[in-house]
Amino acid sequence: MKKISYIIYIIAVSLTASCSDDLLDRKPLDQFSDLDFWEDANLAATAVNQLYLYLTPDDIFHDFEALTHNSVNGILWGFSHARGQSGWNATDANTDRQWSSDMIHGNNDEASSSIWKVTYREIRDCNVAILNLEANESKTERMEQLIGEAKFMRAYLYHVLTRKYGGVPLLDKPLGLEDDLNLKRNTYKECIDFIVEDLDDAAAVLPETWGAAERGRATSGAALALKGRVQLYAERWEDAVETYEKVLGKYALFNDYQTLFYVENEGNQEVILDVQFQSPDLVFYGNAQAVSPSQGGWGAGGPSQDLVNQYELRDGKTWNDPTSAYYNPGNPYENRDLRFYGTVQHDQGVYFGSRLETGSGRDGNGNLIKGVDVEKNNDVTQTGYYLCKYMDVTQPNIDLVWWPAETNQIIIRYAEVLLSYAEARNEMLAAPDQNVYDRVNEVRTRAGLPDLPGGLTKEQMRERIRKERRIEFAFEYTYYYDCLRWKDKSRFTTNPGIVSIEYTYALNANGSVRTDETNRKIVLSRAFVYKNYHETRVFNLDTDFDWFFPIPQEEIDKNSSLVQNGTFRNEK
Amino acid sequence: MMNIKKLPVSILLDARTQQNRKRPPSLWHSCVIVILIMNTLCVTGYSAKGNVANVQQERIIQGQVTDQSGRPLSGASVTEKGTTNATSTAADGTYTLEVSSRKGILLINYVGYASQEIPIDGKRQVNVTMTEQLSDLDEVVVVGYGVAKKATLTSSVSTIKSEEIIKNTVGDVSNALAGKAPGIIARNWNAEPGADATTLYIRGVSTTGDNNPLIVVDGIPDRNMSLVDINDIESVTILKDASAVAPYGSRGANGVILITTKRGATGKPTISYNLYHGTEKPTRLPEYASSADYARMFNEASKNEGAPIKFSEAEIAKYQEAASPEYPNTQWWDEIIRKNPVQASHNVSVSGGGTDLKYYLSLGTFRQDGFFNNTDFERYNLRANIDANITKEITVSFDILGYSADKNRPVRGEEGYETAAYLEAPVRIPSIYPVRNADGQFVSSGIAGNPVALLEDNAGYNKSSYRDFNGSVTFKYSPSYAPGLDLKVLGVYDYHNEVKTKWEVPVTLWGLIDRENALYQEQVPGAGPSYYKKALFGNNKQLEFQANYSRQIGDHQLTGLFVFNRTEWDGDDLEGLRINYASSIVDQMFAGPSDGQSTDGNSTDGARMGYVGRLTYDYQQKYLFEGNFRYDGSMKFAKGKRWGFFPSFAAGWRISEEPFFKDNVSFIDNLKLRASWGQAGNDRVGDYQFLSTYGFQEIPYSFGGKYVQTAKESRLANPDITWETASMTDIGIDASLFGGLLTLEADYFHKKTTDILRPTQKASSVIGISLPDENIGIVENKGFEFLIGHRKSFSDFNYHANVTFTYSKNKAVEIAEAEGTLNDPIRRRTGRQLDAYYGYLSEGLFTNEEEIENHAYQGTGVALGDVKYRDINGPDGIPDGVIDGYDQTLIGYSAVPGMIFGLNLGASWKGFDLSMSFQGATKVNYLFSSYAANAFDNGGNIQHWQMEERWTPENNNPNARYPRLTTSPVSNNTYASDYWIRDGTYVRLRNIQLGYTFGQDWLKNIRIQNLRVFVTGQNLFTWVKDDLMRFDPEATNDRGQFYPQTKVYSVGLNLSF
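So the protein lines, in turn, are chains A and B. Residues in the first sequence are numbered consecutively from 4, following my numbering. Residues in the second sequence are numbered consecutively from 416, following my numbering.
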């Protein structure tokens, strides 16, 4: 009977235990709960740190640059339709390369849709931080700064959205399930006002510089420089001039254009804001797309001949001007604007210890022998050039397959302040004053070029400034948006231009190509064949060209109060 | 012998964990274990026999129960009529029963056989030969929290017996169930050893969430079916309708699978040894073009694009010859598929018992080598099911399972079959790339490396080891003062441990830089080896109280059940990684640099509690009623939303018991109509969705050159989240005709799942965060299923056949679809099949320029031989002359079959027995994409059929089944469309087995009770309806990348003594 009593006892205990469901009250062991998080300034700071990751360029493959006359890109991953072009095909017999990209439905473009979604996710994170930090009744100075940093980032993200889509729904707090999510688009003007207000708030609380341990955080200078850019994009010339004048003289140009983008010079006097990359967890893979195949890259983002032609000779004359003392059709790559060498890899140039070969020639038996950088595999240049901006040859042990670069990517630098100021001031005035000349010449001097000729009209000065911007900021993720805001269709050319280089090889007695001690084929001379037709880009250039992206159809399907941009409304 | 007994089993198991072994399958090893264990168990067995001997000899009856062919029947019940003296037969069919008098009558019952009453007539030895009978009204089936008589059961339940399962030479129980019982929809997506469990859908797909049935092993929910050795299974029961799943109602919405393992019976010990040894082959593999054909086709593709030709005639001739490594003809499947890998299974068990102690003990091992080097799975199972009568009123049962398994996969295979590099390579790399150059160095394809190099031993490994312990103790108290009442207390402890180890050694490949001059360049890997280890630990604890009551008062039979259960679980996860090892000699964590190392880990825990109640009542076994409820609380939901109540009701009418029926319809022996309605729940959603949380992010940021932590909001909370509910209706009929010659079970079912947890698609992305699940989905699923059985004997020839059939069709009633498509009758998904394929409708290929010009605009660059799409819609709901997203609509069924059927045949004659199981499925589609659909995709290969079926300018056929060749797929031809929809209908000979049982007399001389030898083929033959389906019809083959399904030829024996 004892055993029976024991069992009955167990039953009684288990029934007693059942009376309460406390057993089911639990707390997650792999997350922080809402309540704990914002009371601790150190924890809250981690949420603001997170926002800085959103500075990373959304176009790391230079897809947008390739939609302009600056580049031809072998890898158009999803952006081919971003501008309403309905497809393209390209064939180049010289490189045996063919590629095509065609999407039926522009406003169903996955990449565009993901930009919209991702950016609103990021804006939410800013809003969550701002709301919760502001709710704190006893804010420390550090908390005020954190709010400023979050507002700076919110402004930056709205800038990213407005330059793509125009006016977008503005949110100043995180929404919940109970809120109305079917928001209308705010006007472009309302968006700009909102951004400017955020940047004013940020500039007021952020320091001019941070201590060494905090280097990389947004400063008041960054807030003002971004504000100037937003006002310039919105064509508020007087406002932009006024804003930029607060930044002029606070920074200075770095002395060397090429190494400005190297790891050793990160955070130099020219940098106003840059994304902090730090190997191994924070690396930038964009460069892998651009590097030549013999260096392990994928050969994408090739600079066009048209871009190369923009780099003046050292005396300020154009590259093909026979009157120049530097004119040399046998080697057009000598004595050019210094920015050329910091942007473009060209044939027979030495990079990373090896000589680039983008030409082809024939051996004694008439067989076509291609240079390694047009022959190696499919990842060859489409234009005859490779990109070299941001490729830091000084970095040791770089992984040649992926090229994870830890070089900081610069978001705003002082050269932009100079050229934007010059542009806004030129637009504001009837004719450029000396101040405009001085700012542009400051940039040209660093590039080893003579000053602009005097007596330019407003229109001539406008063209000169646009050319400087094109060269100065090539492949820095902004030129595409310049082309859009200038509303200049010619910059979305169908003829970006390429070069085909024909070698005359040194030959052995048996007709084979002679090589040097490093097993490289010896080239005696080169002939440059410039081709102005390379690919068919089918843009809607003629009638209804839109200066903004289509709102992703998926978003309109969910929220019918979103009005589509321009011609995308009846997408053909 | 004593020494052996002391040897811990863990040492035996550890003996096989030597890494990187390259030895033949562990036959000798298994034999050693078998002998050791048999010796060990004999000792136990003999001591139990001693017990029996103590009982008064006078009233002991012994004997053996066999079937007509002399095979022993285990588990048959032997009762002295009119008393409670009862026992059941041991594995060899023998029994020992203490009776009150040797003048009584023995009543023998066995599932599937006619019951017999045999007078003892003073004999001591009573042997019984049973006659098979499919529908035995006294048959007892396992149901939730108990057993029920089949005759009076009102719910929809199917049972699969041990002998049907054991015939299959498969590693996982789930692979033996397809086609065996009505109501199971099955698809075996992956055949990788150790990861090849079949996905089972009871009556099809009925929610957008988790569709897996609840698995209950020996009465304990949430156990892993894969841990059970097939040889240990007594029966598998499928609970299908609301009434059947009601006891597990809180989580029974997707049906329940009950697995019951074998237990001991009173009698002398029986030792059984079952083994088979087999060899494997892939069922189907796609064929690829030869290198010369590849070159020809690539040239044709270039011509089609107006581009220069890549391969000269001279080069093609060299490929044709395939005489040098630079001009090879590499058929990658042939290069990497291992010839005749081995599958083997051994199981030895001993069972028996005295009046106070009954036991079933078994040890099993299963080994399967994969089709690829370093791919294998090896498993050890140990089970002890022990029942002890402590007093007359109290029984204690003690069940334990020990499980140890090790799985090896090639390095870079971790992510599974879909992305594993070694499975992508053979379907992608063209045949023009060599495996090795003349110097024996591995050559890189430049596309997907070199799969042969990847599968080399020195490329590293990817191992998983699993260690499980399942244990339970049950106290059962049947008080003598309350007849019919059983009280039970059950305690469960399950432990799970899983360790994954990945050692990745970069392999040096050589790139072909000059084909003509055979020049290669070494591709030095950028980093050294890396070592990753992850350990998971899990515990599950349950405490349960059960009260069962059963009482017959005259014509009234009443039963009742009450259960209270509380379950708690927790888990821990710890992982570490070190990279860039200086050397590949020592593959251990300590041997790597701390620079760049990383660790991670977290914990989870949870709990559930609930109450179950059941009442059944019948009058004269003619009018049957049943009511159930389950009331459960789950920690997945916030307080106030946490408890769910799930009732069910059922009724049955045995028409055949009515006098008017009995008198008039003589050919129907049994006819029962039954109906049930009820609700069941589902809480399988992510934890803590009702809380807002923040988590540190994996990617840090950096200030001043130093990393700083980053964190963000993890999710939006939905405090209202609660149970998903399925309301189910079932109408069924059970019948037996012509004296049991023909039996029929048929059911119509209708299930409506509401409150399905899913995020709304309606909310615009401006909210900026993934939306939490809300209880908004509704899915309707209905269909029917039947089983027809036939069985007949002619003296010593017996045969039987049964057909199972299941059809289910679901409909998404409400899935919170975005307005844009919801309001478009062509694009909408609401109201259609869940997970069905969507895309364009094709109209053949373009065959002239005018046609392209006049057809709706499909984008630029459309050429002859490209797929033409039908313009069915536009922004205004009418065709608009443009093929775009608006023209996408339903183009096929889903990848889960809508109809599945089985045909099981068996016959025996003298000692011979033959059985065959066919299984098929239809109403299933595949949408070919990527490598399965497109030649030269991603720099890839071309399949043989693509070459054969392709459109060419010369053969300008609008109905060609492959469009014009291009050097990389043009997007116009790769859209999801019915052009790429393939019919997945198949019929497969799942299993065929021929056995011979040796005569009993001859065996007695060598002290063997039973010996049967057999040959078996698993998946020997597969017929696929669609001739372009070159993959196995069950493989995950939309991309064409899959682990080949397995065909097994084996021989084996069953031995008992």
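Where a beta carbon is used, it is the ideal one built from N, C-alpha and C, also for glycine.
Fill in: Cα-Cα separation, A/F257 to B/T1381
So the two alpha carbons sit approximately 50 Å from each other.
Discussion item. Quick check: is the beta carbon of A/T246 nearer than 9 Å to any beta carbon in chain B?
Written reply: It does not; no Cβ of chain B falls within 9 Å.
Worksheet item: What are the residues of the segment 199 to 225 of chain A that lie near chain B, defined by any Cβ-Cβ distance shorter than 9 Å?
Response: Residues passing the 9 Å Cβ filter: W213, G214, A215, A216, E217, R218, G219 and R220.
Practice prompt. Compare the C-alpha of B/H761 against each of B/F1052, B/G693 and B/K655 and name the closest.
Written response: In terms of Cα proximity to B/H761, the closest of B/F1052, B/G693 and B/K655 is B/G693.
Item to complete: Just tell me which of A/A132, A/A158, A/Y159 and A/M156 has its CA closest to the CA of A/G146.
Response: Correcting the residue type first, residue 146 of chain A is Met in the shown sequence and not Gly. Distance from the Cα of A/M146 is smallest, within the candidate group A/A132, A/A158, A/Y159 and A/M156, for A/A132.
Discussion item. Against A/R124, what residues of chain B qualify as contacts under a CB-to-CB distance less than 7 Å, listed in chain order?
Written reply: Neighbourhood of A/R124 in chain B, by CB distance below 7 Å: G1183 and I1184, in chain order.
Worksheet entry | Spatial neighbours of A/N511 in its chain, beta-carbon cut-off 6 Å, leaving aside the 5 residues before and after | Cβ within range, chain order: R517.
Practice prompt. Inspect the beta-carbon positions of B/A661 and B/G667 and report whether they are closer than 9 Å.
Written response: Yes, they are a contact pair.
Discussion item. Quick check: what's the CA-CA separation for B/I448 versus B/P608?
Written reply: Any answer about B/I448 is weak, because its pLDDT of 44 lies below 50 and its placement is not dependable; what the coordinates show is given next. CA-to-CA, the gap between B/I448 and B/P608 works out to about 23 Å.
Fill in: Exposed unless 16 or more other CB atoms sit within 10 angstroms - verdict on B/T584
Per the 10 Å Cβ criterion, buried.
Practice prompt. Closer than 6 Å by C-beta to B/I815: which residues in its own chain qualify, once you throw out the five before and the five after it? Chain order, please.
Written response: Leaving aside the five residues that flank B/I815 on each side, the residues in its chain whose CB is nearer than 6 Å to its CB run, in chain order, A799 and G886.
Worksheet item: Using the beta-carbon of each residue, which ones in chain B are nearer than 7 Å to A/I559?
Response: Per Cβ cutoff of 7 Å: G1235.
Discussion item. Let's see if you can read the secondary structure: which residues bound the beta strand (DSSP E) around B/H692?
Written reply: Start and end: G682 to P697.
Worksheet item: Comparing alpha-carbon positions, which option in A/L455, A/G387, A/K373 and A/I468 lies nearest A/A418?
Response: When each option's Cα is compared against that of A/A418, the closest is A/I468.
Worksheet item: With distances taken from CA atoms, which of A/Y508, A/T143 and A/P553 is nearest A/G367?
Response: Ranking the options by Cα distance to A/G367, first place goes to A/Y508.
Worksheet entry | Buried or exposed (CB count within 10 angstroms, at least 16 for buried), B/I805 | Counting Cβ neighbours within 10 Å, B/I805 comes out exposed, since fewer than 16 surround it.
Fill in: Integer Cβ distance of A/V439 from A/R449, believed to fall under 8 Å
The pair is not a contact, with the Cβ atoms about 17 Å apart (cut-off 8 Å).
Worksheet item: In terms of residues, what are the limits of the beta strand (DSSP E) holding A/L56?
Response: Run containing A/L56: none; DSSP gives neither H nor E here.
Discussion item. Against chain A, does B/V920 count as a neighbour if the rule is that its beta carbon must be under 9 Å from one of theirs?
Written reply: Put simply, the CB of B/V920 is far from chain A, with every gap to its CB atoms at 9 Å or more.
Fill in: Separation of B/N873 from B/P841, as counted between CA atoms
Taking the straight line joining both Cα atoms gives about 20 Å.
Fill in: C-alpha gap between B/S605 and A/G270, whole angstroms
In the sequence under discussion, the amino acid at residue 605 of chain B is Asn, which differs from the Ser named in the question. So the alpha carbons of these two residues sit roughly 53 Å apart.
Item to complete: Note down, one range per segment and in chain order, each beta strand (DSSP E) of at least 3 residues found wholly within the segment 1124 to 1173 of chain B.
Response: Residue ranges of uninterrupted beta strand (DSSP E) with 3 or more members, entirely inside the segment 1124 to 1173 of chain B and ordered along the chain, are 1126 to 1130, 1139 to 1152 and 1157 to 1173.
Discussion item. Using 8 Å as the cut-off, can you tell me whether the segment 565 to 574 of chain B makes contact with the segment 538 to 546 of chain B, which would need three or more C-beta pairs spanning the two stretches below that distance?
Written reply: Taking 8 Å as the limit for Cβ pairs, the verdict is that the segment 538 to 546 of chain B does not touch the segment 565 to 574 of chain B.
Item to complete: Please check if any C-beta of chain A sits within less than 9 Å of the C-beta of B/L1260.
Response: Not closer than 9 Å to any Cβ of chain A, the Cβ of B/L1260 fails to qualify, so no.
Worksheet entry | Residues within the segment 123 to 155 of chain A neighbouring chain B, beta-carbon criterion of under 7 Å | Of all residues in the segment 123 to 155 of chain A, the ones placed with a Cβ closer than 7 Å to any Cβ belonging to chain B are Y123, R124, I126, R127, D128 and V131, in chain order.
Discussion item. Check whether chain B comes within 9 Å of A/N271, counting only Cβ atoms and requiring the distance to be less than that.
Written reply: Taking Cβ atoms only, chain B never reaches closer than 9 Å to A/N271, which makes this a no.
Item to complete: Kindly say whether A/L276, judged by its beta-carbon, lies nearer than 9 Å to any beta-carbon of chain B.
Response: Cβ-Cβ to chain B under 9 Å: no for A/L276.
Item to complete: Give every residue of the same chain whose Cβ lies closer than 6 Å to the Cβ of B/P440, excluding the five residues on either side of it in the sequence, and list them in chain order.
Response: Below a pLDDT of 50, predicted positions are generally treated as unreliable, and B/P440, at 41, falls in that range; the measurement from the model is reported next regardless. Excluding residues within five positions, the ones whose Cβ falls inside 6 Å are V757, A759 and R782.
Discussion item. List, in chain order, every chain B residue whose beta-carbon is nearer than 9 Å to that of A/A255.
Written reply: Result: empty, since nearest Cβ-Cβ is about 21 Å, beyond 9 Å.
Worksheet item: Three or more beta-carbon pairs under 8 Å between the segment 1337 to 1347 of chain B and the segment 1266 to 1281 of chain B, yes or no?
Response: The answer is no - the segment 1266 to 1281 of chain B does not touch the segment 1337 to 1347 of chain B, with fewer than three Cβ pairs under 8 Å.
Worksheet item: What does a CB cutoff of less than 8 Å around B/V588 pick up in its chain, not counting 5 residues either side in sequence?
Response: Correct list, in chain order: I580, M640, S641, V643, I645, I648, V651 and I674.
Discussion item. With a threshold of 9 Å between beta carbons, is A/K120 in contact with chain B?
Written reply: Interface criterion met: the Cβ of A/K120 is under 9 Å from a Cβ in chain B.
Practice prompt. With DSSP as the reference, please indicate the residues paired to B/G1317 in a beta bridge.
Written response: Paired residues: B/T1219 and B/Q1334.
Fill in: Continuous beta strand (DSSP E) stretch holding B/V601: start and end
It should be noted that the sequence gives Ala, not Val, for residue 601 of chain B. Note, B/A601: beta strand (DSSP E), I599 to R602.
Practice prompt. Could you spell out where the alpha helix (DSSP H) holding B/P841 opens and where it closes?
Written response: Membership of B/P841 in the alpha helix (DSSP H) is indicated by the continuous run A836 to R843.
Fill in: Length of the line joining the Cα atoms of A/A47 and A/C486
Roughly 39 Å separates the two Cα atoms.
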